[in-house]
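Trainee: Residue numbers (our numbering): 36 to 137.
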Amino acid sequence: MQRKWGIRKIAEVFSMKKKTASGRKHDCKNTLEKVQLALDNELTEIEEKQLLDEINNCSYCLEKYEIEQSFKKYLCNKVKRHPCNPQLADQIRNSINNIMDR
Ligand SMILES: [Zn+2]
């Protein structure tokens with residue numbers, strides 16, 4: 036007598052598979068658009084967590100996310116290193132006015 040999988044076992048495996056694939060359909064483009072929002076701190080905590088879950092399940096998104104994140108860090112550092120100095124802005128404005136007066 037051959038032992039085949041019973042209908043129950045098949046249903047079990049099927050529902051397990053369905054469960055793991057039950058997340059929203061993954062769309063790299065859509066996810067990466069959300070990455071931009073996350074980097075701009077425009078996502079809620081829950082949305083951000085969902086996004087990170089999605090990213091962790093997709094090597095392409097993960098790679099892209101890391102690139103975006105390091106780019107953002109790079110930009111932040113750049114801005115910090117060159118803060119907008121109000122005094123300097125005034126000086127420039129005055130210089131321009133002086134030139135205009137001449
Ligand atoms: Zn992806």
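Glycine is no exception: its CB is placed at the ideal position from the N, C-alpha and C atoms.
State whether the region 60-68 contacts the region 96-114, with contact taken as three or more CB pairs (one from each stretch) at a distance under 8 Å.
Mentor: yes
Trainee: Looking at the structure shown, is Asn132 part of a helix, part of a strand, or coil, going by DSSP?
Mentor: helix
Trainee: Relative to ligand 1, what is the chain-ordered list of residues with a Cβ closer than 5 Å to any of its non-hydrogen atoms?
Mentor: Cβ atoms closer than 5 Å to ligand 1 belong to Cys63, Cys93, Tyr95 and Cys96.
Trainee: What residue does the alpha helix (DSSP H) around Cys93 start on, and which one ends it?
Mentor: Careful: Cys93 lies outside any alpha helix (DSSP H) and carries neither H nor E.
Trainee: With a CB to CB cut of under 8 Å and the five nearest residues on each side skipped, what residues in its chain are close to Gln71?
Mentor: Glu103
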